[in-house]
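Numbering (my numbering), first residue to last: 1 to 408. We treat Cβ as the ideally placed atom computed from N, Cα and C, and that holds for glycine. See below for the structure under consideration.
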Amino acid sequence: MGVIVDTQQDIEEIVPAWSAQEGAQRANALFERTYGEAADGVWASPGRVNIIGEHTDYNGGLCLPIALPHRTYVALRRRDDAEVHLVSSFDGEELRWDGALSDVHPGGVEGWVGYTAGIAWALAEAGHQVSGFDAALVSCVPTAAGLSSSAAVECAVGLALDDVNGIGLGHSDEGRAALVDLAVRTENDLVGAPTGGLDQAASLRTAEGRALLLDCRDGSTRQVPFDLAAEDLELLVIDTRAKHSHATGGYGQRRATCEAAAKTLGVATLREITDLDDALSRLDDDESVRRVRHVVTEIARVQDFVALVDAGRLTEVGPLMNASHDSLRDDYEVSCPELDVAVDAARGAGAIGARMTGGGFGGCAISLVHAADRAAVVDAVVDAYRQAGFKAPKLHVVTPSTPGGRIS
Ligand code: GLA
């Protein structure tokens, strides 16, 4: 369970994670108030932080996410017709949409409706029978913070539709991997965000107390024991509250550069590069060189990180986290001043390691700390933000939590 940092500093804290029971109650209450009847059930799926392995997923590489205790909850009822009714209450703002399954296709719906109902389209495209539905969504995953609130929505609704239509993908890891692909398809083809599969796999294929070693070349996974408490460690999430408007464009450009470089090098993805120096010598522009160097070295860092964890040397992963951040800042150029200040302050105050997490251009940094050093790290980050004139960050201590599933 995530806990809010108790600090003397005057900072605005992020919303604490709801218990499953509280989330279900809130979703059911919204459903009953909106539709006047009870839902068939409540399903939930979490946001994530990625421990290491950034911008590797769409390059066939390795990532290591954990599920957050923060989840999106959907109360849903199957309809016998093809109508779709949605209500969501995120950040206190209630939104409604009433339409039909036939409206849900690329170009047919926009914004939050695409993230919410789009998976129905992807399921149908994959040949599954999907009926109309009424849904009510609530969430305690911070939005626009780079913690995958959108994947949590897609996956929660995906699990619900899978269940009420008797499809059964949610019952096995293989089925969940298929659901991940459908959620990615929704994001890529219907919403228009060219993201990889990291966020959805974290939401559906993780396990409590574990980090998920995800191999994006073939979709294979390994659950890596990630017991922070056993080592007296804590994982601090620092929400910079910085949102950079070029996020989508910058992400797409990075992906396009990687794909063009892979083509130049004659490999299917950058994962296939075995000799980095040779590959770099065959690229003629500096930008491609730096992007490729990041991806290839980052994949190696994930391998090294997991090897240390496997050897019981979790306290020694700091240099890998730090190198990951530096590479994302200098070679991949997806950091921003707010992320760099947070990371530098955490490192300076004795953190084991610190790095940005997620796509970048704002969002969150993570820091692995000895529990005894947490207060000093928090104070250092808050002070550094004050001195830099940034909005106060929001802080959270998280543990690897449960993946998506039916709550009630
Ligand atoms: C975002 C995307 C993911 C992944 C990360 C970077 O979170 O949604 O697919 O590419 O950025 O690792």
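Residue span of the beta strand (DSSP E) that contains residue i, given as start and end
i                 : result
serine 88         : 83 to 90
leucine 213       : 210 to 215
phenylalanine 133 : 133 to 139
tyrosine 73       : 65 to 78
alanine 242       : 233 to 243
valine 224        : 220 to 225
arginine 96       : 93 to 100
Residue range of the unbroken alpha helix (DSSP H) whose run includes residue i
i             : result
valine 180    : 173 to 185
leucine 308   : 286 to 310
proline 319   : 318 to 330
glycine 41    : Element bounds for glycine 41: not the alpha helix (DSSP H) but the beta strand (DSSP E), 41 to 50.
aspartate 162 : 149 to 164
arginine 33   : 20 to 35
glycine 111   : 111 to 125
leucine 228   : Note, leucine 228: premise wrong, no alpha helix (DSSP H); not H, not E.
glutamine 200 : 198 to 205
Between the CA atoms of residue j and residue i - distance to the nearest angstrom
i              : j                 : result
serine 89      : histidine 171     : 28 Å
arginine 355   : leucine 182       : 30 Å
proline 16     : proline 403       : 18 Å
valine 292     : leucine 270       : 7 Å
valine 377     : valine 369        : 8 Å
leucine 265    : histidine 70      : 41 Å
glutamine 129  : glycine 168       : 12 Å
glutamate 94   : tryptophan 43     : 19 Å
aspartate 80   : aspartate 91      : 31 Å
lysine 394     : threonine 240     : 7 Å
proline 142    : aspartate 278     : 43 Å
alanine 38     : serine 220        : 38 Å
alanine 351    : aspartate 373     : 7 Å
aspartate 103  : glutamate 54      : 35 Å
threonine 34   : isoleucine 238    : 35 Å
leucine 439    : valine 295        : Here the chain comprises residues numbered 1 to 408, so residue 439 is not present and cannot be evaluated.
aspartate 98   : valine 84         : 6 Å
methionine 414 : leucine 76        : Residue 414 falls outside the range modelled here, since the chain spans only 1 to 408, and no answer is possible.
histidine 246  : aspartate 134     : Reliability of the predicted coordinates at histidine 246 is poor, the pLDDT of 44 falling under 50, and the value obtained from them is presented with this limitation in mind. If you take the alpha carbons of histidine 246 and aspartate 134, they lie about 34 Å apart.
serine 166     : tyrosine 73       : Note that residue 166 is glycine in the sequence shown here, rather than serine. Roughly 20 Å separates the two Cα atoms.
cysteine 140   : leucine 283       : 44 Å
isoleucine 273 : cysteine 155      : 32 Å
aspartate 10   : phenylalanine 390 : Residue confidence for aspartate 10 is low, a pLDDT of 46 falling below 50, so the modelled location carries little weight and cannot support an answer.
glutamine 413  : threonine 399     : Because the chain here runs from 1 to 408, residue 413 falls outside it and cannot be looked at.
leucine 214    : alanine 82        : 36 Å
arginine 406   : aspartate 199     : 19 Å
glycine 36     : arginine 26       : 15 Å
alanine 380    : aspartate 344     : 9 Å
proline 65     : glutamate 259     : 23 Å
aspartate 330  : valine 191        : 30 Å
leucine 412    : asparagine 50     : Missing from the structure shown is residue 412; the chain here goes from 1 to 408 and no further.
alanine 346    : aspartate 304     : 22 Å
valine 334     : glycine 47        : 21 Å
serine 150     : glycine 358       : 13 Å
asparagine 433 : valine 184        : Because the chain spans 1 through 408 in this model, residue 433 falls outside it and cannot be assessed.
alanine 178    : alanine 201       : 10 Å
isoleucine 52  : alanine 136       : 34 Å
glycine 363    : histidine 105     : 29 Å
glycine 118    : asparagine 188    : 11 Å
cysteine 336   : glycine 360       : 8 Å
aspartate 40   : arginine 96       : 20 Å
Contact test: residue i Cβ vs ligand 3 heavy atom, cutoff 7 Å
i          : result
leucine 68 : Among the ligands present in this structure, namely ligand 1, ligand 3 is not found.
> What does the shell around ligand 1 hold, if a residue joins when its beta-carbon is under 5 Å from any heavy atom?
Replying inline: Glu54, His55, Asp57, Thr195, Gly196, Leu198, Asp199, Gly358, Gly359
> Which whole runs of the alpha helix (DSSP H) in the segment 342 to 395 are 4 residues long or more, in chain order?
Replying inline: 374 to 388
> Which residue spans inside the segment 262 to 288 form an unbroken alpha helix (DSSP H) run of at least 4?
Replying inline: 276 to 281
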